[in-house]
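A.B. asks: Below: one structure in structure tokens.
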Amino acid sequence: MLSMAEAGTFFEQLFFGWGSERPGAVVSVIYGMIVVVVFFMPFVSVLGMICIWGERKVAGHMQNRPGPNRVGPFGLLQSLADGAKCVMKEDLVPELGDRALFRLAPYVAFAPVFVALVAIPFGPELTFERHLNSGLFLILAMLSVEVMGVIIAGWSSHNKWSTFGAMREACQMVSYEIPLGLSLLVGVMAAGTLNVVDMGLEQGGGLHTWGIFRSPFVFLAFFVYFVASLAANKRAPFDLAESDSELVAGYLTEYSGMRWAFFFFAEYTAMFVVGGIQAALFLDPFGLIGYYHNQLSADPQGHWVGMVVLNVMAATIFIGKAGAVILVQMWLRWTLPRPRIDQVLYVCVKVLLPMGCVLLLGEALWQLFVPWRGGIPWKDYNPLSWGDLMKGGTAVGLGVQLALMMVGVGMVVAVVVWVGRSALDAKSVKKRRAEPEAIVV
Amino acid sequence: MPTPALLLLIATLVPLVSFVVLVLLGKRMGNPLAGWVATGAIGTSFALSILAAISWLGGSPEWGCGNMPINVPIPWVPTGWGIGPQTKTGYLDLGLYVDSLTIVMFSMVCLVSLLVHVFSIGYMGEDKGYPRFFTYLSLFCFSMLGLVVGGTLMQLFVFWELVGLCSYLLIGFWHEKKSASNAAIKAFVVNRIGDVGFLIGLGVLFYHLGNVTLPEVWAALDSSKLIGSPEGIRVAGIGMFSVRALTVMGVGLFCGAIGKSAQFPLHVWLPDAMEGPTPVSALIHAATMVAAGVYLVARIFPILTDGAKLVVAIIGVTTLTMAALIALVQSDLKKVLAYSTLSQLGYMILAMGIGSWVGGMFHLITHAFFKALLFLGSGAVIYAAHHEQDMKEYGGLWRKMPITAIAFGIAVLAITGTPYFSGYFSKDLIMAHAGAFGALASEEGRSGWYWLLFVLPVVIAYVTAFYMTRCWMLTFWGKPRNEHVFEHAHERGIMWAPLAVLAVLSVVGGYDGLLNVKGFLNAAVTENTKYVQMVHPEGKFGGYESAWPSDEPGLSRSGEDEDHGATEVLTASQAAHKQGWHVMHQSVRWAPLVGIGMGILMYMRGYAVANVLMKAAPVRWVHTWLYRRMYFDELYMGVFVAITVGLARLGAAFDQYVIDGLVNLAGYAVRQLSSLAGLCDRYVVDGGVNGVGAATQGLGALVRMPQTGRIRLYVTVVLGIVAIGIAAVVVVVVATVM
Amino acid sequence: MVMGVMEIGLAHYLVLGAVLLVCGLVTILTKRNAIGILIGVELVLNAANINLVAFNRYSHGVSEGGGVALAGQVFAIFVIVLAAAEAAVALSIFLNFYNNFTSVDVEKAKELRG
Amino acid sequence: MMLGQAGFPMGAVLFYGFALGAGLSAMGVALSRNIVRQAVCLLFALASVAGLYYLLGCEFLAAVQLVVYAGGTLILIVFGVMLTSSELSAKFVPRRGEVMVALGIGAVLLMGLIVGLCAAAGSGAFGDAPLALDRDYPVDRLGLAMLGDYLAPFEVVSVLLLVVMIGAAYLAKARRKGQGVQG
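Protein chains in written order, with the working numbering: chain L, 1 to 441; chain D, 442 to 1179; chain Z, 1180 to 1293; chain W, 1294 to 1476.
In structure tokens:
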């Protein structure tokens, strides 16, 4: 009954059931539109709103102020209010600029990112195209097209700040594509597939089977990718295209209203997309869901309700992990100062690029010589049995996985402890300010 | 790789590491440190070799004799060609081969090297080439150890050449001395002559067999298969291997041993090699490298034909006789020792030739100990005597250097075969087997001359005792003949400590119960036989069958064997064996006593008695003949060198008159021809070229007109033509279709 | 031949390729801006690529290993890569040209006139 | 791909959509006088062609087209435009005669090609095989082909890329030297 491999996407099945007859064309088109309208549009809007709210909240807390807190509970509806304001704002178009291109630019910037969502794996079935065998690469392609919108925007504004911003963006984007792609290749090489869903399903099994812990090279590639993705997304500290202290607002200078908002939707969606890639490739997007999913798929008695539940759970885990990455991106934005453009390019060409090359080579050799141990402890193998552990000569691979896992967990714990301590500290400082101790002379 | 082989491999590589380190940093390390680095390296090797021996002895006991040999061939040069009858594997291999013999040799080399290193730290202390010396020593240790663990003849050859190189470098260590650099060159060249023979033998072997791994070679060319098949050996998959080819091959390989072990025709380099520093003489030219020739013969023993063995034996007996006689009269301390070394090597080679495999190798080991001791002792003396080597300047040194004198004396006792010293066991074994060989020849009705192979060694045993005693007496006994030397003489701890160790070894080296060298060697025979039998079960392996048993008949330790012997009827060879031991006991028993006694009597008062004897003319003549080393150098100089130089002069003359004349003639002819061609060029060719140039210019002016330099015009024209062409084609096609 | 309007066959792709080719050629012929010409060249290359891929996909070729033949796609990738290389070199040449003539008008580049 | 299997020729609709996009964009490239608009038109043409690749089942190629062409080459071109136009909106107007000749050549070529194609299609030279649809796109086989059958061209291309990189860097450096303080 649940022959998922034969059937189409989850959405199709959701609409048309699991029967063998295929829907007609008109229905198909309508269905596609409905999926986009019902699922992706709201998703993107909500995502953008939550991200904007989150960013402002993060910024506020990092600067020791509350952030948005008036509109709605915790200021949650602040984004909605902002949106309303944007819609109502006058839509200005510069007189001397290329008016047609000026109008076109936000859509050019937004559309590719939106298309990239097609391949994002929300769940084992919960993705628009399950069988996209070069899905990861397609996402990358879409992200690389996005920059064209920024360039058009900058040029058509007929404004020197905008043009500078666009040039910087072009420069930065073209350069950072390379380490981005290289570091992704390292992860892909470890996963052995470009299919985003497959690579997610393969990672399930425990903390040590996460993609990032597969080998030291993937572990480093994770960070290379993170830095490169920040730059490719023109996120701080690499936000030179819109650096407000130098270029007013860069390519955004002449924009206002809804067009301006579109750029922001594009940016936050792109953040989600790169975060999603990171989660899918490195951070085990589905947790243990993959294991149960495989069991349910193989079980002839399995019920589709179980599949729906699993997919929803997977989506929750995935969005949570991508959200964590986004949170780190925000955190960095409000922490690090902005480098000069030559420093940015130096980091790309002389640091990240060689690192990427070395990691690629290292991972290739690692793949050749060190067997990988996947699977779930106590299910696929008994971790307490030495013979079982050593089966297939995986001791080295497993040992490295575990060691890297400890390093990773240690880092996260350290950060959490550090942040927690600072938070407590801040509270005590606040308290001290509120009730100053008596000065004893 | 099994543990012993791995340990030995590491032990081999340690000196190489030390060599590299010393090459790079030796000069910076300076005087004491460089030596200690090299010593540490060889000490590590020694420790590893002991570990290897322990792990070897602790191996599986099911073979009775200890272990299975470890054979680790390493494919090196693929030579899968089609020439030759057939190639078996098509690889020229390197590799390791570890059996009991390897273990013993390896430990011995490591131990002697270690002691020589320690000694050298003292001996070379004031030399400015100190780091370089230890660099070479490390390289030598690596090479020698590599040779000992070598599992294929190819590896043996490679390291063979390496030790030759080290020998060259170390003989010429004081290259600013003309005699030293001459000696180095001489050693190198003479060795090359032998090595050519080795290479020829190796070539014959590889050509026929396509394999150089020791067990494979043994199995394929097992000499026992020759018995009853006079035309040769049939090797599976290869065809007939004729007796002549086998003998040529065996003698060729033996030529290498002749060169390296300085046997009779090529012995001239070894005495000259004494120009090198004395520790080098002890290590290379007494204990290890020169013994490598014997080692090689031991390794190829199973494939030597009777003819080849006879050659070996004759070379050996010639050398031992000749060298001992020359040693009688030399006055340079190191020269005496060098000729004594030659003589002892002759014993070993003779042993190999007459089938005393165990005896030869046994003597190699014991000889290494006492000869290293003798050389180190002489080194101590020379060091004490301001690098004075002539015994005429010594005398009475025992008062100044008692430890050295005692150690040297022990070594003398050992080499003379005094009972219960190490040389006694090994030398007697060889001579017993020589007697057995003679007896066997008599029984088989062959010529009585075979007995010479027994008689000469026995006589030389007496001579040996005499000249070694002479050496000791002249050096240590009597009155000091040079007060200056005597005053200066002293001893140093770092130099007599190795002597002491070696002295102990010289005493105990021969006992079965202590080092059990003989046991190891017997085990080597058994286990190699069993190993080849296991790898090639198709035929019975009898490569070592022509070797005599090492134990005296009737003295067998196991009572069961004795019972068997009692009831059994003796075969011809058993009877010969028994007789050999018998005649040996009869003849050699008094050699140490007689020789030493005569030596003491004669040299009690220094040169006094000798000088009296020299007054008789025949004695003087013989003395001069022997003192000039039987005029071998002059002979070689007069024959080979003169021929070479003459040929070279002839070539030069031919070059000067014939070749140069032709060249000059050709030059003249070319000049005349070219002046003719010049005329032709000026009028015919130039005219044509100028005409073409003018024509080209005119054409160019015409062609440059449409070339506007505008790229778009070009593209337009090209595309226009294409468009017109396509339009034409379409029109034609449509027209024909319609 | 069964090739209706609604059934896409090889010829459709080839016609599209022809259209792109001609557009590229016209671009090359009419533009005086060197970069414009470069853009035209890219169009021409794309037209070629469409043909390569379409032939590859419609020819149902089977490679030696038994899988689907990939020659067309592989060479399309090569074309794309070479186009990138060509663009890089061309642009650096244009920059030099611009440096010498302060313009990228190809009409000014006629120093090679014979 | 999914939709191509439906009863209704969804593939055809998409094909016409993409083809129309590509064709119109190409015409825009040919007819536009503004170099930046040309570049934008080229972007749409490239994206449409990528869509066509996707329709043809070559999703990897589509991604390559977008990454390398749209994301790399095109940005390089725009970069060149911005570096070389002393006045951003400068236009080099071609002569009317040239335009006419070009359009004439283009029309003849187009007609010739289309007539030839129609003739070839009419004679069944292309066969009537439908599109071969693989569900699982063979990225792995593509990679193996690149490093297997086509290793030699692959290596040659990589060497060429290296040469181009060095050459472009050299040329760009020469420019800076010539320009001196002016830039």
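For glycine and all other residues, C-beta sits at the position ideal for the given N, C-alpha and C.
Helix, strand or coil for residue 1162/D, going by three-state DSSP, please let me know.
C.D. replies: Correct three-state label for residue 1162/D: helix.
A.B. asks: Under a three-way DSSP split, which group does residue 517/D fall into?
C.D. replies: Strand.
A.B. asks: Return no unless some Cβ of chain Z is closer than 7 Å to the Cβ of residue 967/D.
C.D. replies: With 7 Å as the cut-off, residue 967/D does not count as an interface residue toward chain Z.
A.B. asks: Considering Cα atoms alone, identify which of 37/L, 254/L and 419/L is closest to residue 459/L.
C.D. replies: The shown model of chain L, from 1 to 441, leaves out residue 459/L, and the question about it has no answer.
A.B. asks: Taking a cut of 7 Å between CB atoms, which residues from the stretch 1388-1400 of chain W lie near chain L?
C.D. replies: Listed in sequence order: no entries.
A.B. asks: Is the Cβ of residue 1285/Z closer than 7 Å to any Cβ of chain D?
C.D. replies: Residue 1285/Z counts as touching chain D.
A.B. asks: Specify the secondary structure class of residue 970/D as computed by DSSP and reduced to three states.
C.D. replies: The answer is helix: DSSP assigns residue 970/D an H, G or I state.
A.B. asks: Return the CA-CA distance between residue 1180/Z and residue 1412/W, expressed in angstroms with no decimal places.
C.D. replies: At residue 1180/Z the pLDDT is 35, less than 50, meaning the model places this residue with poor confidence and gives no usable figure here.
A.B. asks: One question on the structure: do residue 1395/W and residue 1209/Z come within less than 7 Å of each other, judged by their Cβ atoms?
C.D. replies: Yes.
A.B. asks: Quick check: the Cα distance between residue 1194/Z and residue 1315/W, rounded to an integer number of angstroms?
C.D. replies: Each residue's alpha carbon lies about 12 Å from the other.
A.B. asks: Are the Cβ atoms of residue 848/D and residue 940/D separated by less than 7 Å?
C.D. replies: In this structure, residue 940/D lies closer than 7 Å to residue 848/D by Cβ.
A.B. asks: If distances are taken between C-alpha atoms only, which option among 41/L, 105/L, 86/L and 53/L comes closest to residue 1333/W?
C.D. replies: Minimum Cα distance to residue 1333/W is reached at 105/L.
A.B. asks: Is the CB of residue 1333/W under 7 Å away from at least one CB in chain D?
C.D. replies: Not an interface residue.
A.B. asks: Quick one: which chain L residues come within Cβ less than 9 Å of residue 1330/W?
C.D. replies: Those are 98, 100 and 101, listed as they occur along chain L.
A.B. asks: Counting only Cβ-Cβ distances shorter than 7 Å, please list the residues of the stretch 230-255 of chain L near chain W, keeping chain order.
C.D. replies: Of all residues in the stretch 230-255 of chain L, none has a Cβ within less than 7 Å of some Cβ in chain W.
A.B. asks: By the 9 Å beta-carbon criterion, what residues does the stretch 1134-1154 of chain D contribute toward chain Z?
C.D. replies: The residues in question are 1141, 1144, 1145, 1146, 1147, 1148, 1149, 1150, 1151, 1152 and 1153.
A.B. asks: Can you give me the start and stop residues for the alpha helix (DSSP H) that residue 747/D sits inside?
C.D. replies: Where residue 747/D is concerned, the enclosing alpha helix (DSSP H) stretches over 747-768.
A.B. asks: Determine the chain L residues that contact residue 1353/W at a beta-carbon separation under 7 Å, and present them in chain order.
C.D. replies: Under the 7 Å cutoff, chain L gives 134 and 137.
A.B. asks: Nearest by alpha-carbon distance to residue 935/D: which of 724/D, 824/D and 514/D is it?
C.D. replies: Minimum Cα distance to residue 935/D is reached at 824/D.
A.B. asks: Applying the criterion that 16 or more other CB atoms from any shown protein chain within 10 Å of the CB defines a buried residue, is residue 1271/Z buried or exposed?
C.D. replies: Its Cβ being crowded by 16 or more others within 10 Å, residue 1271/Z is buried.
A.B. asks: Please list the segments of the alpha helix (DSSP H) lying wholly inside the stretch 1027-1051 of chain D, counting only runs of 4 or more residues, in order along the chain.
C.D. replies: Counting whole runs of 4 or more residues, the stretch 1027-1051 of chain D contains the alpha helix (DSSP H) stretches 1032-1044.
A.B. asks: Below 8 Å, can you find three or more Cβ-Cβ pairs linking the stretch 866-880 of chain D to the stretch 834-854 of chain D?
C.D. replies: Because the criterion of three Cβ pairs below 8 Å is not met, the stretch 866-880 of chain D and the stretch 834-854 of chain D do not touch.
A.B. asks: Output the boundary residues of the alpha helix (DSSP H) element that contains residue 983/D.
C.D. replies: Careful: residue 983/D lies outside any alpha helix (DSSP H) and carries neither H nor E.
A.B. asks: So what does DSSP say about residue 50/L, is it helix, strand or coil?
C.D. replies: Reduced to three states, the DSSP call for residue 50/L is helix.
A.B. asks: First and last residue of the beta strand (DSSP E) that includes residue 351/L?
C.D. replies: Where residue 351/L is concerned, there is no enclosing beta strand (DSSP E), given that its DSSP letter is neither H nor E.
A.B. asks: Per DSSP, what are the beta-bridge partners of residue 683/D in this structure?
C.D. replies: In DSSP, residue 683/D forms a bridge with 673/D.
A.B. asks: Please go through the same chain and pick out, in chain order, the residues whose beta-carbon is closer than 6 Å to the beta-carbon of residue 796/D, but skip the five residues on each side of it.
C.D. replies: Cβ within range, chain order: 987, 988 and 989.
A.B. asks: Would you call the stretch 107-117 of chain L and the stretch 65-82 of chain L in contact, with 3 or more CB pairs under 8 Å?
C.D. replies: Contact fails: fewer than three Cβ-Cβ distances are below 8 Å.
A.B. asks: Taking only three categories from DSSP, how would you classify residue 738/D?
C.D. replies: Here residue 738/D sits in helix by DSSP.
A.B. asks: In the DSSP output, what is residue 539/D paired with across the bridge?
C.D. replies: In the DSSP output, where bridge partners are listed per residue, residue 539/D has 511/D.
A.B. asks: Taking residue 467/D as part of the alpha helix (DSSP H), name the residues at either end of that continuous run.
C.D. replies: That run of the alpha helix (DSSP H) goes 444-470.
A.B. asks: Run through chain W and tell me which residues come within less than 9 Å of residue 177/L, C-beta to C-beta.
C.D. replies: Those are 1360, 1364 and 1365, listed as they occur along chain W.
A.B. asks: For the pair the stretch 898-907 of chain D and the stretch 1030-1038 of chain D, tell me if three or more CB-CB distances fall below 8 Å.
C.D. replies: Enough Cβ pairs lie closer than 8 Å, so yes.
A.B. asks: Skipping 5 residues on each side, what residues in its chain have a beta carbon closer than 7 Å to that of residue 212/L?
C.D. replies: If we look at residue 212/L and ignore the five residues flanking it on each side, its Cβ neighbours are 218, 219, 222, 282, 283 and 408.
A.B. asks: Between the stretch 259-276 of chain L and the stretch 144-159 of chain L, do three or more beta carbon pairs fall short of 8 Å?
C.D. replies: They touch, by the three-pair rule.
A.B. asks: Where do the N-terminal and C-terminal ends of the alpha helix (DSSP H) with residue 1236/Z fall, by residue?
C.D. replies: Looking at the DSSP string, the run of the alpha helix (DSSP H) that includes residue 1236/Z is 1213-1237.
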